[in-house]
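Take a look at the structure set out below.
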Amino acid sequence: MNRRFSLWFAPLAFCVALSAQTILVKPYVQSGHQPISGAADSKVITWLTDTQPGRFEVDFGATTNFGRLTQPIVTALNFGKEGSYLKYTAYIGRLPLDGQFHYRVRLENEVLRAGTVVTRKSATNAVEFVVVGDTGDGKADERKIAFQIGRAAPEFAVIVGDIVYPRGTVKEYLKNFWGPYNNTIEASPETGAPVMGTVPFYGVLGNHDVGASNLATVPDGLGAFYFFHPPRNGPPPLRSHLRVRGTDLQLAEFKRAAADASPHLGFYSFDNGSVHGLCLDANRYVDFTEPALLEWIRADLTRSRALWKLVFFHHPGFQATLAHYREQQTRVLAPLFEECGVDIAFAGHVHNYQRSQPLKFKPAQAKPDRAGEVNGVFTIDSRFDGATNTVPQGVIYVVTGGGGAGLYKPSVEELDPRFQPSAENWTPFTAKYIADRHSFSVVKADPQKLVLRQLDEDGFEVDRITITKPAPITPSLKPATTKALPAVQGLPSGARSTN
Ligand SMILES: [Fe+2]
């Protein structure tokens, strides 16, 4: 068994009901609110029960002898007729980078879960992680993907939105998400894998995750805010933050019970190894021209010294499927990404896999039009192939929305004449388009290169690229003479600009 994916249990660990409690969500690991950089890591271990209180404790330490002990904080979640729960949260700090720790959650002598978790990597070490979107619809394909993610044994994962369907409620999490990714005992294509017991997942808000933001109508809406514990390094309160509605009492309860994630889940960033990850809410209520938001994004990306700068959001600006084609609001960020040296922008929303050629985009308008479209000027790097030419000239946009929800198959090229591409809105930037199977992205990054692989629901690799940085020019070397490269068959020579 892979070291990074080892859950080990005492004999009674598989009982869902411990004493008088019913364990609804088994203990799982979150990244916690660790500083974006620094000499130590922290993690959060959290779980959910019914309303019967229990005196749980968490042992942890560098060996299976543990040596450190903490009591969780208990948070009551009260949703009236939609259910009530107790959430337990244990905060674990002062963990050394580049290491691992063992933990055990127990109720007196009964062990509920135990596992081994790797800590964050320092900047010179390799890190491997997965990215996937559009996961929790409760169907068989979600469980296959969860199983394959378990086999990939990542150090962390990012779910790029639409974590749970259809409205992101707590009840839907219990029905559609926790089983395949955490509660299952066995790891199999039929059940998923208990991957979240050892692997922290970062959540990004998709449209379904905020599908019930009026708590007066859906009291247990916005489940993501109770289950994810993102770093709290986002911008100050913005117009672009999600507006939660409900009665005064509900809003006060939400503020109390979701304090770890609200509003932090909308915008935050993290470092791990040579990777800087920036997570953005891209729902339609977000105004990507809001100065304070742009200022925060620019400062976050500019401040980072990480070699690889990756951005994660739900709504792809550059993709070629009819579904959601017009929701191009994130295109207005393209110049900022280029200015700040973003390497890859990952999205979901569209239920398939698409990888663009490296591109630069100059919007012709400050804001999306009423339909959501953003026209502009494309410059496409057609020379990059990720194998023989590994230095992209521009940002690579990846859609990895094949996490389990029903696939979107057709591409815009094949469809309604209303969606015929025009030079100022769509050019053939698509390098890879895989829509006949579910899939997820695996990224391995180190100080020399970044390798992006796409694995399908059976674990087969369906795409792979390698990215490297240009070699630094040293004073002892003469600059190379610029020469026109020979044209690659079937592709124009050099970057192309259309307008
Ligand atoms: Fe979506």
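Going by the working numbering, 347 is the number at position 345 of the sequence shown; the sequence numbering is gapless. Backbone N, C-alpha and C define an ideal beta-carbon position, used for all residues, glycine too.
Practice task
Compute the beta-carbon to beta-carbon distance between Y410 and V352, rounded to the nearest angstrom, for a pair I have assumed lies under 8 angstroms.
Solution key: Residue numbering aside, residue 410 sits at position 408 when the sequence shown is read from its first letter. Residue numbering aside, residue 352 sits at position 350 when the sequence shown is read from its first letter. Right, their Cβ atoms sit about 6 angstroms apart.
Exercise for the section: Mind checking which residues open and close the alpha helix (DSSP H) that includes Y175? Expected result: The count along the sequence shown starts at 1 and reaches residue 175 at position 173. Run containing Y175: V172 to N178, per the alpha helix (DSSP H) assignment.
Practice task
Rounded to whole angstroms, what's the CA-CA distance from T51 to A195? Just pull it up for me.
Solution key: As a position in the sequence shown, residue 51 is number 49, starting the count at 1. As a position in the sequence shown, residue 195 is number 193, starting the count at 1. The alpha-carbon atoms of T51 and A195 are separated by roughly 20 angstroms.
Problem - For L296 and V344, believed in contact at Cβ under 8 angstroms, the rounded distance - result: The sequence position of residue 344 within the sequence shown is 342, counting from 1. The sequence position of residue 296 within the sequence shown is 294, counting from 1. In fact, because the Cβ distance is near 14 angstroms, the residues do not count as touching under 8 angstroms.
Exercise for the section: In the DSSP assignment, find the unbroken beta strand (DSSP E) run with L312 in it and report its ends. Expected result: Along the sequence shown, one-based indexing puts residue 312 at 310. First-last of the beta strand (DSSP E) with L312: W310 to F314.
Handout entry: Local conformation of G205 per DSSP, three classes
Key = Stepping through the sequence shown from its first residue, residue 205 is reached at position 203. If DSSP states are grouped into helix, strand and coil, G205 belongs with the strands.
Handout entry: F339, buried or exposed, once every other Cβ within 10 Å from all chains shown has been counted against 16
Key = Walking along the sequence shown from the start, residue 339 turns up at place 337. Under this definition F339 is a buried residue.
Handout entry: Touch test, the region 48-63 against the region 248-256, Cβ-Cβ under 8 angstroms, three pairs minimum
Key = Because the criterion of three Cβ pairs below 8 angstroms is not met, the region 48-63 and the region 248-256 do not touch.
Problem - Limits of the alpha helix (DSSP H) - the one that W428 falls within - result: Position 426 of the sequence shown, counting from 1, holds the residue named residue 428. Counting along the chain, W428 sits inside no alpha helix (DSSP H), nor does DSSP assign it H or E at all.
Problem - Three-state secondary structure (DSSP) of F230 - result: Sequence index remark: in the sequence shown, residue 230 carries index 228 (1-based). Coil at F230, not helix or strand.
Practice task
Please confirm if the region 178-187 is in contact with the region 464-473, defined as three or more CB-CB distances below 8 angstroms between the two stretches.
Solution key: The region 178-187 is not in contact with the region 464-473.
Problem - Per-residue burial, L97 [other beta carbons within 10 Å of its own, 16 or more giving buried] - result: For this step, residue 97 is matched to residue 95 along the sequence shown. Buried is the call here.
Practice task
Confirm, please, whether the CB-CB distance from F314 to L280 is below 8 angstroms.
Solution key: What you label residue 280 is simply residue 278 of the sequence shown in a count that begins at 1. What you label residue 314 is simply residue 312 of the sequence shown in a count that begins at 1. Result yes, Cβ atoms of L280 and F314 sit closer than 8 angstroms.
Handout entry: Which of helix, strand or coil DSSP assigns to F158
Key = As a first step, residue 158 is located in the sequence shown; it is residue number 156 there, counting from the start. F158: strand per DSSP, three-state reduction.
Practice task
Please indicate yes or no: does the CB of D164 lie closer than 7 angstroms to some heavy atom of ligand 1?
Solution key: Locating residue 164 in the sequence shown gives position 162, where the first residue counts as 1. Within the cutoff, so yes.
Problem - Alpha-carbon spacing of H243 relative to G213, whole angstroms - result: Counting from one through the sequence shown, the residue named residue 243 turns up at place 241. Counting from one through the sequence shown, the residue named residue 213 turns up at place 211. In this structure, the straight-line span from the alpha carbon of H243 to that of G213 is close to 15 angstroms.
Problem - Segment contact, 8 angstroms Cβ cut-off, at least three pairs: the region 383-392 with the region 113-127 - result: They do not touch, by the three-pair rule.
Practice task
Under 8 angstroms by Cβ, that's how I've got I436 and V464 pegged, so tell me the actual separation to the nearest angstrom.
Solution key: Taking the first residue of the sequence shown as position 1, residue 436 is located at position 434. Taking the first residue of the sequence shown as position 1, residue 464 is located at position 462. A Cβ-Cβ distance of about 5 angstroms is found for the pair I436 and V464, placing them in contact under the 8 angstroms criterion.
Exercise for the section: Following the continuous alpha helix (DSSP H) through R245, name the residue where it begins and the one where it ends. Expected result: Sequence index remark: in the sequence shown, residue 245 carries index 243 (1-based). Per DSSP, R245 lies in no alpha helix (DSSP H) segment and is marked neither H nor E.
Practice task
With a threshold of 7 angstroms, establish whether the CB of G138 neighbours any heavy atom of ligand 1.
Solution key: Position 136 of the sequence shown, counting from 1, holds the residue named residue 138. Answer for G138: no, Cβ out of range of ligand 1.
Problem - Pick from A347, G461 and W310 that is closest to K451, judged by C-alpha positions - result: Your numbering for residue 451 matches position 449 in the sequence shown. In this structure, W310 is the residue among A347, G461 and W310 with its C-alpha nearest to the C-alpha of K451.
Practice task
Taking P293 as part of the alpha helix (DSSP H), name the residues at either end of that continuous run.
Solution key: Mapped onto the sequence shown, residue 293 falls at position 291. Residue range P293 to R305 is occupied by the alpha helix (DSSP H) that includes P293.
Handout entry: 8 angstroms Cβ cutoff met for H316 and D164
Key = Here residue 316 corresponds to residue number 314 of the sequence shown, with the count starting at 1. Here residue 164 corresponds to residue number 162 of the sequence shown, with the count starting at 1. Cβ distance < 8 angstroms, so H316 and D164 count as in contact.
Practice task
In the DSSP assignment, find the unbroken beta strand (DSSP E) run with F380 in it and report its ends.
Solution key: Position 378 of the sequence shown, counted from the first residue, corresponds to residue 380. In the DSSP assignment, F380 falls within the beta strand (DSSP E) that extends over G378 to I382.
Handout entry: Within 8 angstroms, strictly: CB atoms of G408 and F442
Key = Numbered from its first residue, the sequence shown carries residue 408 at position 406. Numbered from its first residue, the sequence shown carries residue 442 at position 440. Not a contact, by the Cβ cut-off of 8 angstroms.
Problem - Range of the contiguous alpha helix (DSSP H) that encloses E341 - result: On the sequence shown, position 339 is the one that residue 341 refers to. E341: member of the alpha helix (DSSP H) spanning A336 to C342, first to last residue.
Practice task
Examine ligand 1 and report whether any of its heavy atoms sits within less than 7 angstroms of the Cβ of N209.
Solution key: One-based indexing of the sequence shown puts residue 209 at position 207. Checking the Cβ of N209 against ligand 1 gives yes.
Problem - CB of V120 within 8 angstroms of CB of Y105, strictly - result: Here the question's residue 120 lines up with position 118 in the sequence shown. Here the question's residue 105 lines up with position 103 in the sequence shown. It is not a contact, given that the beta carbons lie outside the stated cut-off.
Problem - Three-way DSSP call (helix, strand, coil) for V1 in this model - result: Residue 1 cannot be examined here, being either before or after the span of the chain that is shown, 3 to 501.
Handout entry: Minimum length 3: unbroken beta strand (DSSP E) runs contained in the region 25-107
Key = Here the runs fully enclosed are 42-51, 58-63, 70-72, 75-80 and 86-98.
Handout entry: Other residues of its chain near F68: CB distance less than 7 angstroms, five sequence neighbours each side excluded
Key = Position 66 of the sequence shown, counted from the start, is the residue given in the question as residue 68. Sequence-distant partners of F68 (beyond 5 residues in either direction) whose C-beta falls short of 7 angstroms from its own C-beta, in its chain, are D61, F62, H104 and R106.
Handout entry: Proximal residues to K480 (C-beta, below 7 angstroms), its chain only, five neighbours per side dropped
Key = Numbered from 1 along the sequence shown, position 478 holds the residue referred to as residue 480. In this predicted model, K480 has a pLDDT of only 47, less than 50, meaning its place in the structure is not dependable; the value taken from the coordinates is given anyway. Within the same chain, K480 has no close Cβ partners at all.
Problem - Proximal residues to T171 (C-beta, below 7 angstroms), its chain only, five neighbours per side dropped - result: As a working note, residue 171 is residue 169 in the sequence shown. Within the same chain, T171 has close Cβ partners A214, V220, D222, G223 and G225.
Exercise for the section: Give a single yes or no on whether H440 has its beta carbon closer than 7 angstroms to a heavy atom of ligand 1. Expected result: Along the sequence shown, one-based indexing puts residue 440 at 438. Not under cutoff, so the answer is no.
Handout entry: S306 versus N209 - alpha carbon distance
Key = Within the sequence shown, the letter at position 304 stands for residue 306. Within the sequence shown, the letter at position 207 stands for residue 209. S306 and N209 have their alpha carbons spaced roughly 29 angstroms apart.
Practice task
For S443, write down the residues that DSSP places opposite it in a beta bridge.
Solution key: Taking the first residue of the sequence shown as 1, we reach residue 443 at position 441. DSSP, once it has assigned bridges, lists V133 and Q456 as partnering S443.
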